[in-house]
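Asks:
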Amino acid sequence: MNAFFGSIVGGLRHIGKLTIDGIWRLGFITRFLFALLMASGQSVRRIHLTFRELYFSGVLSLLIITVSGLFVGLVLGLQGYDILQRYGSADAVGVMVALSLLRELGPVIAALLFASRAGSAITAEIGLMKTTEQLKAMDMMAVNPIARVVAPRFWGGVLSMPLLAALFSAMGVFGGWFITVAVIGVDDGAFWSQMQAAVEFRYDVVNGVIKSFVFGAVVSLIAVFEGYDCEPTAEGVSRAITRTVVTSALAILALDFVLTSFMFRGQ
Amino acid sequence: MMSRTALDLWVGIFVAIGFAALVFLAMKVGNFSGLDGRETYRIEAPFDNIGGLKVRAPVKSAGVLVGRVQSIRFDTETYRAVVQMEIDKRFEFPADTSASILTSGLLGEQYIGLEAGADIEPLREGDRVLITQSAVVLEKLIGQFLFDKAAEPAAQ
């Protein structure tokens with residue numbers, strides 16, 4: 001009997017510890033974000049530091065984003081054509097490809113790829129700097145590691161994400177056009193004119209860009225935070241990288257639902 | 001470590017490609033050249049029944065897009081729906097223009113069709129279209145058809 005109660009108390013204590021840890025981490029990440037924003041002046045003054053990170057998170061992600069966008073567009077074109085031609089409206093395939101890419105797939109898949117391509121690299125880099133005590137050394141030399149290391153990486157990610165998402169969507173539309181118009185033989189004029197009639201700049205394109213901006217900020221924040229917060233051991237760095245990818249993916253998908261429910265309610 | 005000029009070049013290429021993609025999405029995929037950002041004027045039209053008309057539905061004249069529905073409200077004094085439309089400033093319509101709610105295709109979306117009248121005075125900001133024709137409600141149409149069919153043998 002005593003052992004039974006003991007296990008219940010132990011279970012409750014475990015739940016309590018998880019809750020407190022979660023809240024503590026949330027508070028820590030908020031304070032971290034404030035410290036990061038306060039230290040961001042240097043990212044503008046020494047803009048070259050930010051450019052360097054724009055190269056690592058943006059330019060080096062170009063290939064994977066372009067190729068993935070193309071293939072997603074090809075698949076959307078095939079599937080869309082297969083379903084729409086049953087209802088005799090194969091011309092509307094352009095609308096389907098463009099809207100699904102601009103509103104959802106572009107920002108979401110680009111952000112997922114960005115988290116696994118650039119986010120993990122940022123966490124690994126900062127985590128390794130912490131493990132080898134480079135961050136501490138900077139502190140000793142009166143260089144604020146958040147201003148010098150963390151903020152440029154954060155802003156590099158925030159800036160490159162909308163551009164990558166736009167590129168993803170554009171490549172996807174091209175892929176959809178290629179498979180349906182050039183290969184299957186849907187009418188070229190109908191493909192573009194129906195798409196242009198259905199897609200609205202303010203409603204669809206701008207909302208997609210806002211989404212990718214939010215995802216960029218969240219993924220970059222998680223990546224720099226996990227790197228900064230990691231346990232300074234080899235195992236700790238590897239765990240932090242895993243957490244970056246997993247937390248980013250969950251955050252992207254959950255935030256996407258929240259943003260979609262505010263943006264697109266089919267009035 | 002890559003030299004600073006090479007790095008700047010690559011970042012420049014990246015930003016240029018990203019913005020080119022955005023411009024492509026805005027111009028070619030979305031129709032940025034639509035009414036967005038154009039100057040417009042607002043007119044109102046009361047309808048007995050708007051059917052499935054929605055906010056942001058197109059307003060067309062002779063099949064050409066001239067504006068969009070801005071808001072739909074219910075007038076409790078006349079018990080009619082009042083539809084407010086934004087019309088592109090480039091298009092002027094006579095004051096006795098008539099508005100009707102039409103459907104594109106058999107089951108397509110509903111839009112407002114404007115038919116120009118003959119008045120010399122144009123419609124201005126805040127004016128009201130007086131001659132309107134409501135949406136055709138399919139159930140009413142079928143009901144009327146059945147009613148007429150049932151009445152036919154009795155008349156003979």
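Chains A and B supply the protein sequences, listed in that same order.
Using the UniProt record's numbering, the first residue of the first sequence is number 1, and each one after it goes up by one.
Using the UniProt record's numbering, the first residue of the second sequence is number 1, and each one after it goes up by one.
Cβ atoms here follow ideal geometry from the backbone N, Cα and C, with glycine treated the same way.
Hey, does R86/A have any beta-carbon neighbour from chain B nearer than 8 Å?
Replies: Locating residue 86/A in the first sequence gives position 86, counting from the first residue. Not closer than 8 Å to any Cβ of chain B, the Cβ of R86/A fails to qualify, so no.
Asks: DSSP three-state label for F91/B, please.
Replies: For the purposes of this step, residue 91/B is identified with residue 91 of the second sequence, where counting begins at 1. It is coil, neither helix nor strand.
Asks: Interface residues of chain A around I17/B at Cβ under 8 Å?
Replies: Numbered from 1 along the second sequence, position 17 holds the residue referred to as residue 17/B. Near I17/B (Cβ distances below 8 Å), the residues of chain A are L62, L163, L167.
Asks: May I ask you to list the residues that DSSP assigns as paired with S61/B?
Replies: Position 61 of the second sequence holds residue 61/B. Partner(s): V64/B.
Asks: Please compile the residues from chain A whose C-beta is within a distance smaller than 7 Å of the C-beta of D8/B.
Replies: Here residue 8/B refers to the residue found at position 8 when the second sequence is read from its first residue. Under the 7 Å cutoff, chain A gives F51.
Asks: On a CA-only basis, which of R243/A, I23/A, V59/A, L105/A is nearest G172/A? Give me that one, please.
Replies: Walking along the first sequence from the start, residue 172/A turns up at place 172. Looking at the Cα atoms, L105/A is the closest of the given residues.
Asks: Is it the case that the Cβ atoms of D256/A and V108/A are separated by a distance below 8 Å?
Replies: Mapped onto the first sequence, residue 256/A falls at position 256. Mapped onto the first sequence, residue 108/A falls at position 108. It is a contact, given that the beta carbons lie within the stated cut-off.
Asks: Kindly indicate which three-state DSSP category M129/A falls into: helix, strand or coil?
Replies: Taking the first residue of the first sequence as position 1, residue 129/A is located at position 129. If DSSP states are grouped into helix, strand and coil, M129/A belongs with the helices.
Asks: Which term fits Q144/B, buried or exposed, when burial requires 16 or more other beta carbons within 10 angstroms of its beta carbon?
Replies: One-based indexing of the second sequence puts residue 144/B at position 144. Counting Cβ neighbours within 10 Å, Q144/B comes out exposed, since fewer than 16 surround it.
Asks: Can you tell me where the alpha helix (DSSP H) with A166/A in it begins and where it stops?
Replies: For the purposes of this step, residue 166/A is taken as the residue at position 166 of the first sequence. Residues 151-177.
Asks: Select from M263/A, V258/A, S238/A, I252/A the residue whose C-alpha is nearest the C-alpha of I126/A.
Replies: The count along the first sequence starts at 1 and reaches residue 126/A at position 126. Residue S238/A is the option with its Cα nearest to I126/A.
Asks: Within its chain, find whatever has a CB closer than 6 Å to the CB of R73/B; leave out the 5 residues flanking it on each side and keep chain order.
Replies: On the second sequence, position 73 is the one that residue 73/B refers to. Same-chain partners within the cutoff: V82.
Asks: Select from A99/B, L123/B, E92/B, A21/B the residue whose C-alpha is nearest the C-alpha of P47/B.
Replies: Stepping through the second sequence from its first residue, residue 47/B is reached at position 47. Correcting the residue type first, residue 47/B is Phe in the shown sequence and not Pro. Of the listed residues, the one whose Cα sits closest to F47/B is A99/B.
Asks: What is the DSSP secondary structure of residue 270/A, reduced to helix, strand or coil?
Replies: Nothing about residue 270/A can be read from this structure; chain A reaches only from 1 to 267.
Asks: For the segment 60-129 of chain A, list the alpha helix (DSSP H) runs that are entirely contained and at least 4 residues long, ordered along the chain.
Replies: Counting only runs of 4 or more, we get 62-84, 93-100, 106-114.
Asks: Distance, Cα to Cα, T78/B vs M85/B?
Replies: As a working mapping, residue 78/B is identified with position 78 in the second sequence. As a working mapping, residue 85/B is identified with position 85 in the second sequence. If I take the Cα positions, the gap works out to 19 Å.
Asks: Within this structure, are the beta carbons of V224/A and V150/A separated by less than 8 Å?
Replies: The count along the first sequence starts at 1 and reaches residue 224/A at position 224. The count along the first sequence starts at 1 and reaches residue 150/A at position 150. The answer is yes: Cβ separation under 8 Å.
Asks: What are the partner residues of L102/B, as DSSP defines its beta bridges?
Replies: Within the second sequence, residue 102/B is the residue found at index 102, counting from 1. Answer is Y111/B.
Asks: So F24/B contacts chain A; which residues on that side make the cut at Cβ distance below 7 Å?
Replies: For the purposes of this step, residue 24/B is taken as residue 24 along the second sequence, with counting starting at 1. Residues of chain A passing the Cβ test: A170.
Asks: How many angstroms separate the CA atom of R38/B from the CA atom of L22/B?
Replies: Your numbering for residue 38/B matches position 38 in the second sequence. Your numbering for residue 22/B matches position 22 in the second sequence. Rounded to whole angstroms, R38/B to L22/B spans 21 Å at the Cα level.
Asks: Please determine, among P145/A, A111/A, G41/A, G27/A, the residue with the shortest C-alpha to C-alpha distance to A249/A.
Replies: Stepping through the first sequence from its first residue, residue 249/A is reached at position 249. Nearest of P145/A, A111/A, G41/A, G27/A to A249/A, Cα basis: A111/A.
Asks: How about A57/B and R68/B: do their beta carbons lie closer than 8 Å?
Replies: One-based indexing of the second sequence puts residue 57/B at position 57. One-based indexing of the second sequence puts residue 68/B at position 68. Yes, these two residues count as a Cβ contact at 8 Å.
Asks: Using the three-state DSSP reduction, which class does A26/B fall into: helix, strand or coil?
Replies: Along the second sequence, one-based indexing puts residue 26/B at 26. Correct three-state label for A26/B: helix.
Asks: Please report the straight-line C-alpha distance between F262/A and R90/B, rounded to a whole angstrom.
Replies: The count along the first sequence starts at 1 and reaches residue 262/A at position 262. The count along the second sequence starts at 1 and reaches residue 90/B at position 90. If I take the Cα positions, the gap works out to 34 Å.
Asks: Would a check of beta-carbon distances place M195/A closer than 8 Å to chain B?
Replies: Numbered from its first residue, the first sequence carries residue 195/A at position 195. Chain B contact via Cβ: present.
Asks: Spatial neighbours of A90/A within its chain, please: CB distance less than 7 Å, with the 5 preceding and 5 following residues excluded, ordered by chain position.
Replies: Here residue 90/A corresponds to residue number 90 of the first sequence, with the count starting at 1. Excluding positions up to five away in sequence, the list reads Y81, L84, V186.
Asks: Compare the beta carbon distance of I64/A and L18/A with 8 Å and say whether it is the shorter of the two.
Replies: Your numbering for residue 64/A matches position 64 in the first sequence. Your numbering for residue 18/A matches position 18 in the first sequence. It is not a contact, given that the beta carbons lie outside the stated cut-off.
Asks: Output, in sequence order along the chain, the residues in the segment 77-88 of chain B whose CB is closer than 8 Å to any CB in chain A.
Replies: Listed by position, the residues of the segment 77-88 of chain B near chain A (Cβ gap below 8 Å) amount to none.
Asks: Could you tell me whether the Cβ of G30/B comes closer than 8 Å to any Cβ of chain A?
Replies: Counted from its first residue, the second sequence places residue 30/B at position 30. With 8 Å as the cut-off, G30/B counts as an interface residue toward chain A.
Asks: Does any residue of chain A bring its CB to less than 8 Å from the CB of V11/B?
Replies: Position 11 of the second sequence, counted from the first residue, corresponds to residue 11/B. Yes, V11/B counts as interfacial toward chain A.
Asks: Using C-beta distances below 7 Å, list every residue in its chain close to N144/A, excluding the 5 sequence neighbours before and after it, in chain order.
Replies: Position 144 of the first sequence, counted from the first residue, corresponds to residue 144/A. Cβ within range, chain order: A39.
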